[in-house]
Structures are given as C-alpha cells and as structure tokens.
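In the numbering used here, the protein residues as written are 127 to 234.
Read through the structure below, which is laid out as structure tokens, and then see the notes.
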C-alpha cells in the first residue's frame, strides 16, 4: 500500500473546507490562498486551486470582483456568498464531528 496516495486522499478531503475557511476570513486573491495553505503545510498548486474556485463560484458559494493591478492584468478577488456562508457552517459542523470521532478513536 502506498502511503503517499493515502495522504493525498486525506488532504483532498479537507481542501475545499480549508479554502473556504481562508476566504471566510475576508476577500482573497488566489496567490494569497496558496500562500496561506503553504504556511499551514497544505501545499496546493494553481492547477488544483483555480478549477476548485471555479466550481465553488459556479455552485454560487463564491463570488468575485476584478481589481485593477499596477503590475499586470486585473486581479480576481474571491469572497463568500450568503449561500457559501451556510454551506461553510455545514462543513464546519461535519468537520468538528469527524475530528472529534477520529480523536476519540485514535487516543485509545
């Protein structure tokens, strides 16, 4: 059995929740999201992040606005919609239940 594959699957399972957690703190530019994920030791590539942001936007959980940049093309800043806030609360509840169950099972 390959530990790398198992670790990757575990990270993928929490990726959406982590990204939404960052955006919930305030409007976010994708490179800022990548940086915060790296700081938390959850590296994510642009090729993974952008499709996920698009999927969350298409699900009406996120919205974005364009901001002109002095050093290149306009930047897309993402924020959470009301629907996204409700979805996040449900994910947070699920995460807390799961984390508590795993802690209970692994601390014995």
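For each residue, glycine too, the CB sits at the ideal point set by N, CA and C.
It should be emphasised that the depicted structure is a prediction, and the values quoted were computed from it without experimental measurement.
- For residue 201, the closest alpha carbon among the candidates 149, 139, 155, 211 is that of 155.
- The criterion of a C-beta distance shorter than 9 Å is satisfied by residue 146 and residue 187.
- Taking C-beta atoms under 8 Å as the contact rule, residue 143 and residue 217 qualify, at a distance of about 5 Å.
- Counting of Cβ neighbours within 10 angstroms places residue 171 among the exposed residues, the total staying below 16.
- Note on residue 129: under 16 other CB atoms within 10 angstroms of its CB, so exposed under the neighbour-count rule.
- Taking C-beta atoms as the reference points, residue 205 and residue 149 count as a pair closer than 9 Å.
- Pairing residue 127 with residue 220, the inter-Cα distance amounts to about 28 Å.
- In the DSSP assignment, residue 139 falls outside any beta strand (DSSP E) and within the unbroken alpha helix (DSSP H) covering 129-150.
- Residue environment analysis places residue 210 among the buried positions, since at least 16 neighbouring C-beta atoms fall within 10 angstroms of its C-beta.
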